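**Student:**
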Amino acid sequence: MTTYTPPPSTIDDGDSLRPGDAEPAGRTNAERAPSRWLYVVLSVGVLVMALPFVWMLLSSVKPEAEVRSIPPTWLPETFTLENYGELFDRLSFPTYFVNSIVVAVVVTLGNLVFGSMLGYALAKLEFRGKRLVFVIVLGTLMVPGMVTFVPLFVLVSNMGLTNTYPGLILPYLVGPLGVFLMRQYFLGLPDELIQAARVDGAGELRIFWSVMLPLTGPALATLGILTFLTSWNNFLWPLVVAQTEDKYTLPVALALYSVGQNATQYGLLLAGAVVVVVPVVVLFLAVQRYFVQGIAMTGIK
Amino acid sequence: MATATTAPASRPSPVGGSPGTKRRRSLLQRRQTRTAWLLALPFLLLFAAFTVGPVFASLVMSFTDMRSTDVRTPFAVDLAGIDNYTALFQDPLFRKVALNTAIFVAVGVPLTMVLALAAAVGLNRITRLRAFFRLGFYLPVVTSIVAVAVVWRFLLQPDTGPINQLLGVVGIDGPDWLGEPSLALPSVIAMATWRNLGTLMVIFLAGLQTVPRELLEAAEVDGAGRWQRFRHVTLPLLRPVLLFGAVITGIGYLQFFEESFVMTNGGPLNATRSVAYYTYDQFSFGNYGYASAASYVLFVAIVVLTAIQFRVLRPKT
Chain A
1059 MTTYTPPPST IDDGDSLRPG DAEPAGRTNA ERAPSRWLYV VLSVGVLVMA LPFVWMLLSS
1119 VKPEAEVRSI PPTWLPETFT LENYGELFDR LSFPTYFVNS IVVAVVVTLG NLVFGSMLGY
1179 ALAKLEFRGK RLVFVIVLGT LMVPGMVTFV PLFVLVSNMG LTNTYPGLIL PYLVGPLGVF
1239 LMRQYFLGLP DELIQAARVD GAGELRIFWS VMLPLTGPAL ATLGILTFLT SWNNFLWPLV
1299 VAQTEDKYTL PVALALYSVG QNATQYGLLL AGAVVVVVPV VVLFLAVQRY FVQGIAMTGI
1359 K
Chain B
7 MATATTAPAS RPSPVGGSPG TKRRRSLLQR RQTRTAWLLA LPFLLLFAAF TVGPVFASLV
67 MSFTDMRSTD VRTPFAVDLA GIDNYTALFQ DPLFRKVALN TAIFVAVGVP LTMVLALAAA
127 VGLNRITRLR AFFRLGFYLP VVTSIVAVAV VWRFLLQPDT GPINQLLGVV GIDGPDWLGE
187 PSLALPSVIA MATWRNLGTL MVIFLAGLQT VPRELLEAAE VDGAGRWQRF RHVTLPLLRP
247 VLLFGAVITG IGYLQFFEES FVMTNGGPLN ATRSVAYYTY DQFSFGNYGY ASAASYVLFV
307 AIVVLTAIQF RVLRPKT
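Taken in sequence, the protein lines are chains A and B.
Going from the first sequence to the working numbering is simple: count from 1 and add 1058.
Going from the second sequence to the working numbering is simple: count from 1 and add 6.
#1: Given a threshold of 16 other Cβ atoms within 10 Å of its Cβ, counted over all protein chains shown, does N276/B qualify as buried or as exposed?
#2: Would V1317/A pass as a contact of N271/B if the rule is Cβ separation under 8 Å?
#3: Measure the beta-carbon distance from F139/B to V1104/A and round it to whole angstroms, keeping in mind my assumption that it falls under 8 Å.
#4: Per DSSP, L85/B is paired with what?
#5: Beta carbon of A46/B, beta carbon of A1277/A: below 8 Å?
#6: Can you tell me the Cα-Cα spacing of I308/B and S301/B, whole angstroms?
#7: Taking C-beta to C-beta, are G142/B and A1108/A nearer than 8 Å?
#8: With 8 Å set as the bound, which would you pick, yes or no: does the beta-carbon of L1210/A sit closer than that to a beta-carbon of chain B?
#9: Cβ atoms of L1314/A and V1333/A: under 8 Å apart, would you say?
#10: Under 9 Å, CB to CB, which of the residues in the stretch 296-309 of chain B have a partner in chain A?
#11: Any beta carbon of chain B sitting closer than 8 Å to that of Y1348/A?
#12: Can you look up E1262/A in the DSSP assignment and give me helix, strand or coil?
#13: For the putative contact between L189/B and R159/B, defined by C-beta atoms under 8 Å, what is the C-beta separation to the nearest angstrom?
#14: Please report the distance separating the alpha-carbon of D84/B from that of S1150/A.
#15: Among A153/B, F236/B, L94/B and V281/B, whose alpha-carbon lies nearest the alpha-carbon of V268/B?
#16: F1111/A and K1368/A - do their beta-carbons sit closer together than 8 Å?
#17: Taking the Cβ atom as the reference point for each residue, do L203/B and L121/B lie within a distance shorter than 8 Å?
#18: Considering Cα atoms alone, identify which of G273/B, V157/B and R235/B is closest to V1335/A.
#19: Would you say M67/B and S298/B are within 8 Å of each other, going by their C-beta atoms?
#20: Below 8 Å, can you find three or more Cβ-Cβ pairs linking the stretch 1235-1255 of chain A to the stretch 1289-1308 of chain A?
#21: Could you tell me whether the Cβ of I1159/A comes closer than 8 Å to any Cβ of chain B?
#22: Using 8 Å as the limit for Cβ to Cβ distance, is V1104/A near chain B?
#23: S1289/A and V1205/A - do their beta-carbons sit closer together than 8 Å?
#24: Going by CA-CA distance only, name the one from K1120/A, S1093/A, T1280/A and V1340/A that's closest to T133/B.
#25: Output the distance between the C-alpha atoms of L1226/A and F1286/A, rounded to the nearest integer angstrom.
#26: Does any CB atom of chain B fall closer than 8 Å to the CB of F1342/A?
#27: For a test of the three-state rule: what should DSSP assign to F1185/A, helix, strand or coil?
#28: Give the single residue among Q215/B, L33/B and T75/B whose Cα lies nearest to the Cα of G292/B.
#29: Among the residues of its own chain, which have a CB less than 6 Å from the CB of P246/B, if the five just before and after it don't count?
#30: Any contact of the stretch 1196-1213 of chain A with the stretch 1260-1268 of chain A, i.e. 3+ C-beta pairs under 8 Å?
#31: Could you tell me whether any Cβ in chain B is nearer than 8 Å to the Cβ of R1094/A?
#32: Counting only runs that start and end within the stretch 1184-1217 of chain A, where is the alpha helix (DSSP H) found for 4 or more residues in a row?
#33: At least one CB of chain A closer than 8 Å to the CB of T43/B: is that the case?
#34: Ends of the alpha helix (DSSP H) at G251/B?
#35: What three-state label does DSSP hand P1309/A in the structure shown?
#36: Do you know offhand how far L1115/A's Cα is from W1095/A's?
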């Protein structure tokens, strides 16, 4: 499989630029050898970005009294896992964790399957109404969740699905992002593959499933990771549709505990934040190449 | 799903002479159309039910007096005309939350863009450790807003929070960031900026890498200083990327909700309550029609802001 290499960005009209002359000046210039203070400034920036996480991790293993001590300590004087113990024993975080996983995995699979199906149809097949479908799907990229959640709640209530997994999952099973990403990727694959498969006698569905889809690995990975993280971090819909604790997802549980009667247990809530944040950070670090690609392509956070 | 529609053996040979060409194409076209709809239908049905339908339902509901008690009989509710909208704009609390949201966008978007652009320019100039620094700036983006809002709430505590402790080191007596009405919204904006600048940084960095070095070198030969080169070469070329960044950040910030839900509960004195928060509140009170009207005001604001940004940042020709 060929990977896309961008064309050289040089627009060389031959006379205005004299690379031979300009080159030495460019190299000796600070443009090429950044001064040390730039590294200092960037390091300070990264430190500011990272400190809240460092402090979260350190505080989550302090006993409650130490988290509240004045002045606050940075390194834990007493190391303890009691906050995590309480999360898992008293506050049923394992349940929320499983709920988050189930919802995110099913939502991701749905977006991959249905997104690549429609994306392929829009990119490689001819049918009437194609343009209209594409415009409508893309048009909804701008619609915020705040606009649809009230009627969605009415709909899901009438389907009898509040406080159920299907209720949590169905509204997110398909989305415009998947179609957009997959269509773009399919457009980049050569039509000759499809024609060759047709000559070989493959049916249209078979061409999609066995010939084209296996070539979309990077796109599927990008979409899968984006969708999983978005679902994992999703808040408003699970907040309104999950009504009893056994259906809370992690962010919902964390938010409700942090404004409820546990709101004063600092160490406990910070340990909860660790449980929400660390799995996706680990996932992200493992597959960040795809993820940063996706962000640069779509800007979706 | 992997099953082929037709058995290959039973099909007429696709490589026919010229008389068969026309017929073959139309057969292929029919098969394509059928396959396309087969592939599209599952998506479109779900999408119609759970996305497109609700967008229109929300608009219709905003002109009704629907309440939570009407959930089972949504078609029996009465039309209320534009009453919800007039009530919205007469509610001092709505005017307050609209102002808060406007401030959040007006301050947050430029702040995030400038910091992200600075980080991107810095990252673009260094050669070593670039991936590490990019990762560092980017990390907050992948985390849950709820979780980082919890962390920031404790970071900003007046006595036990490390931020005031750090300020104490340089002799500043830190205030109660989230407790003072005048400081709460700026604190929430700071947190949002911290979380979101990585998204823009990655986009800007990609944009910077498309700026041809030859242009910069030519400008340098012509005697342009570093700032002039940035101002007159790099920035104009980044225009589309800046527009994209401004639009997505603006859309995101117009909807801010989780930040204040977790950090301040919308307080103190509604200082951090947003339009989205107001919508959620009205939904919780059971005022579905009214909540829909509030959400549509937000939607219209998003469309208008996007249009303005396209106009302002459109390439000058």
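Idealized CB from N, CA, C, for every residue including glycine.
All values reported here derive from a predicted model rather than from experimental measurement.
**Tutor:** By the coordinates alone:
#1: It counts as buried.
#2: Contact flag set, yes.
#3: Confirmed, about 6 Å.
#4: In DSSP, L85/B forms a bridge with T70/B.
#5: No. Outside cutoff.
#6: When rounded, the distance between both Cα atoms is 11 Å.
#7: Yes. Within cutoff.
#8: It does; some Cβ of chain B falls within 8 Å.
#9: In this structure, V1333/A keeps its C-beta atom at 8 Å or more from the C-beta atom of L1314/A.
#10: Cβ contacts with chain A: A297, S298, A300, S301, Y302, L304, F305, I308 and V309.
#11: Judged by the 8 Å Cβ criterion, Y1348/A is not in contact with chain B.
#12: Residue state, collapsed to three classes: helix.
#13: About 14 Å separates the CB atoms of L189/B and R159/B; that is not less than 8 Å, and the two are not in contact.
#14: Here the C-alpha atom of D84/B lies approximately 43 Å from the C-alpha atom of S1150/A.
#15: Ranked by how close their Cα comes to the Cα of V268/B, the residues A153/B, F236/B, L94/B and V281/B have A153/B in first place.
#16: Beyond the ends of chain A as shown, which are 1059 and 1359, falls residue 1368/A; an answer cannot be given.
#17: A contact, by the Cβ cut-off of 8 Å.
#18: The option with the nearest alpha carbon to V1335/A is V157/B.
#19: Closer than 8 Å, so yes.
#20: Cβ pair count under 8 Å is below three, so no.
#21: Not one chain B Cβ lies under 8 Å of I1159/A.
#22: Contact with chain B is found for V1104/A, since one of that chain's Cβ atoms lies less than 8 Å from the residue's Cβ.
#23: No; because the gap between Cβ atoms is not below 8 Å, this pair is not in contact.
#24: Comparing Cα-Cα distances from T133/B to each of K1120/A, S1093/A, T1280/A and V1340/A, the minimum goes to S1093/A.
#25: Spanning the two alpha carbons is a distance of roughly 14 Å.
#26: Yes, F1342/A lies at the interface with chain B (some Cβ there is under 8 Å from its Cβ).
#27: F1185/A carries a coil assignment under DSSP once its states are collapsed to helix, strand and coil.
#28: Ranking Q215/B, L33/B and T75/B by Cα distance to G292/B puts T75/B first.
#29: Excluding five sequence positions before and after P246/B, none of the CB atoms of its chain fall closer than 6 Å to its own CB.
#30: The stretch 1196-1213 of chain A is not in contact with the stretch 1260-1268 of chain A.
#31: No, R1094/A does not count as interfacial toward chain B.
#32: List check, alpha helix (DSSP H) in window: 1188-1197 and 1203-1216.
#33: The sequence as given places Trp at residue 43/B; Thr does not occur at that position. For W43/B, the closest Cβ of chain A is nearer than 8 Å.
#34: Run containing G251/B: L241 to L260, per the alpha helix (DSSP H) assignment.
#35: P1309/A: helix per DSSP, three-state reduction.
#36: Just so you know, the alpha carbons of L1115/A and W1095/A end up roughly 30 Å apart.
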